[in-house]
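Residue numbers (this note's numbering): 227 to 480.
Backbone N, C-alpha and C define an ideal beta-carbon position, used for all residues, glycine too.
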(Lines of atoms letter the chains of each structure in order from A and count residues from 1; the text may use other names and numbers.)
(Lines give C-alpha, C1' and ligand atoms only; values in the text may rest on other atoms or scores of the structure.)
Protein backbone atom coordinates (compact mmCIF):
# COMPACT_ATOMS: atom_id res chain seq x y z
CA UNK A 1 0.00 0.00 0.00
CA UNK A 2 1.12 3.55 -0.66
CA UNK A 3 0.00 7.10 -1.18
CA UNK A 4 -0.89 7.67 -4.82
CA UNK A 5 -1.60 10.61 -7.12
CA UNK A 6 -4.07 11.17 -9.92
CA UNK A 7 -3.29 10.32 -13.53
CA UNK A 8 -5.61 11.07 -16.46
CA UNK A 9 -4.89 9.72 -19.95
CA UNK A 10 -7.01 10.20 -23.05
CA UNK A 11 -7.48 6.73 -24.55
CA UNK A 12 -9.64 7.58 -27.53
CA UNK A 13 -11.77 10.32 -29.04
CA UNK A 14 -14.08 10.88 -32.00
CA UNK A 15 -12.36 10.31 -35.32
CA UNK A 16 -13.68 10.39 -38.86
CA UNK A 17 -13.80 7.04 -40.61
CA UNK A 18 -11.36 6.15 -43.35
CA UNK A 19 -14.21 6.50 -45.84
CA UNK A 20 -14.92 10.06 -44.71
CA UNK A 21 -11.23 10.97 -44.56
CA UNK A 22 -10.75 9.80 -48.12
CA UNK A 23 -13.82 11.75 -49.17
CA UNK A 24 -12.48 14.92 -47.59
CA UNK A 25 -8.91 14.47 -48.95
CA UNK A 26 -7.38 13.98 -45.56
CA UNK A 27 -3.69 13.35 -45.02
CA UNK A 28 -2.60 9.71 -45.02
CA UNK A 29 -1.09 9.90 -41.55
CA UNK A 30 -3.30 7.72 -39.31
CA UNK A 31 -3.12 10.08 -36.32
CA UNK A 32 -3.34 13.33 -38.24
CA UNK A 33 -5.84 15.52 -36.41
CA UNK A 34 -6.75 17.88 -39.20
CA UNK A 35 -8.58 17.65 -42.49
CA UNK A 36 -6.23 18.68 -45.28
CA UNK A 37 -6.68 22.00 -47.14
CA UNK A 38 -8.90 23.55 -48.29
CA UNK A 39 -10.85 22.32 -45.25
CA UNK A 40 -8.83 23.16 -42.15
CA UNK A 41 -10.72 21.47 -39.32
CA UNK A 42 -10.29 18.87 -36.62
CA UNK A 43 -12.20 15.61 -36.71
CA UNK A 44 -14.44 16.87 -33.92
CA UNK A 45 -15.21 20.08 -35.78
CA UNK A 46 -16.15 18.11 -38.88
CA UNK A 47 -18.53 15.97 -36.83
CA UNK A 48 -19.93 19.02 -35.03
CA UNK A 49 -20.60 20.83 -38.31
CA UNK A 50 -22.28 17.71 -39.72
CA UNK A 51 -24.55 17.42 -36.68
CA UNK A 52 -25.42 21.12 -36.47
CA UNK A 53 -26.11 21.61 -40.16
CA UNK A 54 -28.14 18.38 -40.36
CA UNK A 55 -30.83 20.25 -38.41
CA UNK A 56 -31.00 23.10 -40.91
CA UNK A 57 -29.67 21.86 -44.24
CA UNK A 58 -31.42 20.00 -47.09
CA UNK A 59 -28.14 18.11 -47.57
CA UNK A 60 -27.58 14.61 -46.28
CA UNK A 61 -25.32 14.45 -43.19
CA UNK A 62 -22.63 12.61 -45.15
CA UNK A 63 -22.52 15.46 -47.69
CA UNK A 64 -22.39 18.47 -45.39
CA UNK A 65 -18.64 18.84 -44.75
CA UNK A 66 -17.80 17.97 -48.36
CA UNK A 67 -20.24 20.54 -49.77
CA UNK A 68 -20.25 23.23 -47.07
CA UNK A 69 -16.87 22.70 -45.45
CA UNK A 70 -15.06 25.41 -47.41
CA UNK A 71 -17.88 27.87 -46.67
CA UNK A 72 -17.58 27.38 -42.92
CA UNK A 73 -13.95 26.37 -42.38
CA UNK A 74 -12.43 28.45 -45.17
CA UNK A 75 -13.84 31.88 -44.30
CA UNK A 76 -13.44 34.31 -41.44
CA UNK A 77 -16.14 34.47 -38.80
CA UNK A 78 -18.99 36.72 -39.94
CA UNK A 79 -19.91 37.75 -36.39
CA UNK A 80 -16.71 39.72 -35.94
CA UNK A 81 -15.32 37.11 -33.56
CA UNK A 82 -12.16 35.05 -33.85
CA UNK A 83 -11.63 32.05 -36.08
CA UNK A 84 -13.63 30.78 -39.00
CA UNK A 85 -17.32 30.93 -39.75
CA UNK A 86 -17.50 27.41 -38.29
CA UNK A 87 -16.26 28.90 -35.00
CA UNK A 88 -19.01 31.51 -35.29
CA UNK A 89 -21.55 28.71 -35.77
CA UNK A 90 -20.24 26.79 -32.75
CA UNK A 91 -20.44 29.94 -30.61
CA UNK A 92 -24.00 30.51 -31.78
CA UNK A 93 -25.01 26.94 -30.94
CA UNK A 94 -23.54 27.11 -27.44
CA UNK A 95 -25.09 30.55 -26.79
CA UNK A 96 -28.52 29.27 -27.88
CA UNK A 97 -28.16 26.14 -25.67
CA UNK A 98 -28.63 23.86 -28.71
CA UNK A 99 -25.75 21.78 -27.39
CA UNK A 100 -27.33 18.39 -28.05
CA UNK A 101 -25.40 18.60 -31.32
CA UNK A 102 -22.17 18.37 -29.28
CA UNK A 103 -23.14 14.96 -27.91
CA UNK A 104 -21.80 13.28 -31.06
CA UNK A 105 -18.21 14.05 -30.03
CA UNK A 106 -16.94 11.63 -27.39
CA UNK A 107 -13.78 11.09 -25.34
CA UNK A 108 -12.59 8.04 -23.41
CA UNK A 109 -10.23 8.51 -20.46
CA UNK A 110 -8.17 6.30 -18.17
CA UNK A 111 -8.61 7.89 -14.74
CA UNK A 112 -6.17 6.38 -12.25
CA UNK A 113 -5.23 6.89 -8.62
CA UNK A 114 -8.36 8.74 -7.52
CA UNK A 115 -10.18 8.25 -4.24
CA UNK A 116 -13.46 6.47 -3.70
CA UNK A 117 -14.67 9.80 -2.32
CA UNK A 118 -14.08 11.36 -5.72
CA UNK A 119 -15.79 8.41 -7.41
CA UNK A 120 -18.93 8.99 -5.36
CA UNK A 121 -19.00 12.61 -6.54
CA UNK A 122 -18.12 11.79 -10.13
CA UNK A 123 -20.88 9.24 -10.63
CA UNK A 124 -23.49 11.84 -9.76
CA UNK A 125 -22.83 13.05 -13.30
CA UNK A 126 -24.69 10.30 -15.14
CA UNK A 127 -26.19 11.77 -18.31
CA UNK A 128 -23.64 11.45 -21.08
CA UNK A 129 -21.12 9.51 -18.96
CA UNK A 130 -20.17 5.81 -18.92
CA UNK A 131 -18.02 4.30 -16.17
CA UNK A 132 -16.12 1.02 -15.78
CA UNK A 133 -14.63 0.94 -12.28
CA UNK A 134 -12.01 -1.30 -10.68
CA UNK A 135 -13.92 -3.72 -8.45
CA UNK A 136 -13.10 -4.12 -4.77
CA UNK A 137 -14.94 -7.44 -4.92
CA UNK A 138 -12.81 -9.06 -7.61
CA UNK A 139 -9.55 -7.15 -7.08
CA UNK A 140 -8.27 -8.36 -3.72
CA UNK A 141 -6.52 -5.64 -1.74
CA UNK A 142 -4.62 -7.66 0.86
CA UNK A 143 -0.96 -6.99 1.57
CA UNK A 144 -0.07 -10.40 0.16
CA UNK A 145 -2.21 -10.09 -2.98
CA UNK A 146 -1.03 -8.96 -6.40
CA UNK A 147 -2.24 -5.46 -5.56
CA UNK A 148 0.14 -5.27 -2.62
CA UNK A 149 -2.65 -3.74 -0.56
CA UNK A 150 -4.84 -0.72 -1.11
CA UNK A 151 -3.31 2.58 -2.18
CA UNK A 152 -4.81 5.77 -0.84
CA UNK A 153 -5.23 9.45 -1.67
CA UNK A 154 -4.30 12.06 0.93
CA UNK A 155 -6.65 15.08 0.90
CA UNK A 156 -4.96 18.40 0.16
CA UNK A 157 -5.87 19.86 3.54
CA UNK A 158 -3.98 17.18 5.47
CA UNK A 159 -0.77 19.12 5.02
CA UNK A 160 0.89 19.29 8.44
CA UNK A 161 3.09 16.55 9.80
CA UNK A 162 0.97 15.70 12.85
CA UNK A 163 -2.24 15.29 10.87
CA UNK A 164 -0.43 13.40 8.11
CA UNK A 165 1.09 10.97 10.61
CA UNK A 166 -2.34 10.21 12.05
CA UNK A 167 -3.80 9.76 8.58
CA UNK A 168 -1.06 7.42 7.34
CA UNK A 169 -1.09 5.34 10.53
CA UNK A 170 -4.86 4.95 10.18
CA UNK A 171 -4.42 3.70 6.60
CA UNK A 172 -1.85 1.16 7.81
CA UNK A 173 -4.14 -0.02 10.59
CA UNK A 174 -7.08 -0.43 8.21
CA UNK A 175 -4.84 -2.48 5.92
CA UNK A 176 -3.99 -4.74 8.85
CA UNK A 177 -7.68 -5.15 9.71
CA UNK A 178 -8.51 -5.97 6.08
CA UNK A 179 -5.72 -8.56 6.04
CA UNK A 180 -6.95 -10.09 9.31
CA UNK A 181 -10.52 -10.38 8.03
CA UNK A 182 -9.28 -12.11 4.87
CA UNK A 183 -7.11 -14.40 7.05
CA UNK A 184 -10.23 -15.46 8.96
CA UNK A 185 -11.99 -16.39 5.74
CA UNK A 186 -14.03 -13.24 5.17
CA UNK A 187 -14.51 -12.81 1.40
CA UNK A 188 -13.07 -9.69 -0.18
CA UNK A 189 -16.56 -8.43 -1.06
CA UNK A 190 -17.28 -8.17 2.68
CA UNK A 191 -13.80 -7.29 3.95
CA UNK A 192 -13.91 -4.22 1.73
CA UNK A 193 -16.52 -2.75 4.10
CA UNK A 194 -13.72 -1.40 6.30
CA UNK A 195 -11.84 0.30 3.44
CA UNK A 196 -11.90 4.13 3.70
CA UNK A 197 -13.12 6.76 1.26
CA UNK A 198 -9.44 7.53 0.70
CA UNK A 199 -8.91 4.14 -0.99
CA UNK A 200 -7.57 4.68 -4.50
CA UNK A 201 -9.36 3.28 -7.52
CA UNK A 202 -9.05 3.28 -11.30
CA UNK A 203 -11.70 3.65 -13.96
CA UNK A 204 -12.29 3.94 -17.67
CA UNK A 205 -14.68 6.78 -18.40
CA UNK A 206 -16.34 7.85 -21.63
CA UNK A 207 -18.24 11.12 -21.94
CA UNK A 208 -19.59 13.24 -24.74
CA UNK A 209 -18.52 16.85 -25.18
CA UNK A 210 -21.78 18.32 -23.93
CA UNK A 211 -21.56 16.29 -20.70
CA UNK A 212 -17.92 17.27 -20.17
CA UNK A 213 -18.67 20.96 -20.61
CA UNK A 214 -21.50 20.70 -18.09
CA UNK A 215 -19.27 18.75 -15.67
CA UNK A 216 -16.54 21.35 -15.91
CA UNK A 217 -18.94 24.23 -15.32
CA UNK A 218 -20.03 22.63 -12.04
CA UNK A 219 -16.70 21.21 -10.79
CA UNK A 220 -14.08 23.72 -11.88
CA UNK A 221 -12.08 25.75 -9.41
CA UNK A 222 -14.02 28.51 -7.72
CA UNK A 223 -17.32 26.61 -7.69
CA UNK A 224 -16.92 25.20 -4.18
CA UNK A 225 -16.11 21.63 -5.23
CA UNK A 226 -13.58 19.52 -3.33
CA UNK A 227 -9.98 19.95 -4.49
CA UNK A 228 -9.54 16.45 -5.92
CA UNK A 229 -12.51 16.69 -8.27
CA UNK A 230 -11.55 20.21 -9.36
CA UNK A 231 -8.15 18.78 -10.30
CA UNK A 232 -9.90 16.05 -12.30
CA UNK A 233 -12.02 18.67 -14.07
CA UNK A 234 -8.85 20.51 -15.13
CA UNK A 235 -7.12 17.32 -16.30
CA UNK A 236 -10.14 16.36 -18.41
CA UNK A 237 -10.30 19.82 -19.94
CA UNK A 238 -6.60 19.70 -20.80
CA UNK A 239 -6.98 16.31 -22.51
CA UNK A 240 -9.96 17.48 -24.57
CA UNK A 241 -8.42 20.82 -25.58
CA UNK A 242 -5.18 19.14 -26.65
CA UNK A 243 -6.94 17.18 -29.40
CA UNK A 244 -9.84 19.59 -30.05
CA UNK A 245 -8.40 23.09 -29.37
CA UNK A 246 -11.58 24.89 -30.48
CA UNK A 247 -13.44 23.56 -27.42
CA UNK A 248 -11.34 25.62 -24.99
CA UNK A 249 -13.57 28.67 -25.47
CA UNK A 250 -16.61 26.75 -24.21
CA UNK A 251 -15.31 25.23 -20.98
CA UNK A 252 -17.00 27.03 -18.12
CA UNK A 253 -19.26 28.88 -20.50
CA UNK A 254 -22.28 26.61 -20.45
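By the C-beta criterion, the stretch 381-388 is judged not to be in contact with the stretch 429-449, since fewer than 3 inter-stretch pairs fall below 8 Å.
The continuous beta strand (DSSP E) containing residue 336 extends over residues 332-341. Apart from the 5 residues on each side of it in sequence, residue 337 sits with its Cβ closer than 6 Å to the Cβ of 234, 429, 431 in its chain, given in chain order. The three-state secondary structure of residue 361, taken from DSSP, is coil. Annotation: residue 274 to residue 350 spans about 27 Å, alpha carbon to alpha carbon. If you draw a straight line from the Cα of residue 352 to the Cα of residue 460, it comes to about 19 Å.
Distance from residue 227 to residue 376 at the Cβ level is roughly 6 Å; contact confirmed, criterion being Cβ atoms closer than 8 Å. Residue 333 has its alpha-carbon roughly 7 Å from the corresponding atom of residue 466.
Shown here, residue 379 sits in coil according to DSSP, grouped into three states, outside any helix or strand. Counting only unbroken stretches of 4 or more residues, the alpha helix (DSSP H) elements lying wholly within the stretch 368-414 are 387-409, in sequence order. Within 10 angstroms of the beta-carbon of residue 397 lie 16 or more other beta-carbons, which makes it buried. Contact between the stretch 445-455 and the stretch 291-308 is absent, with fewer than three C-beta pairs closer than 8 Å.
Contact between the stretch 409-418 and the stretch 308-328 is absent, with fewer than three C-beta pairs closer than 8 Å.
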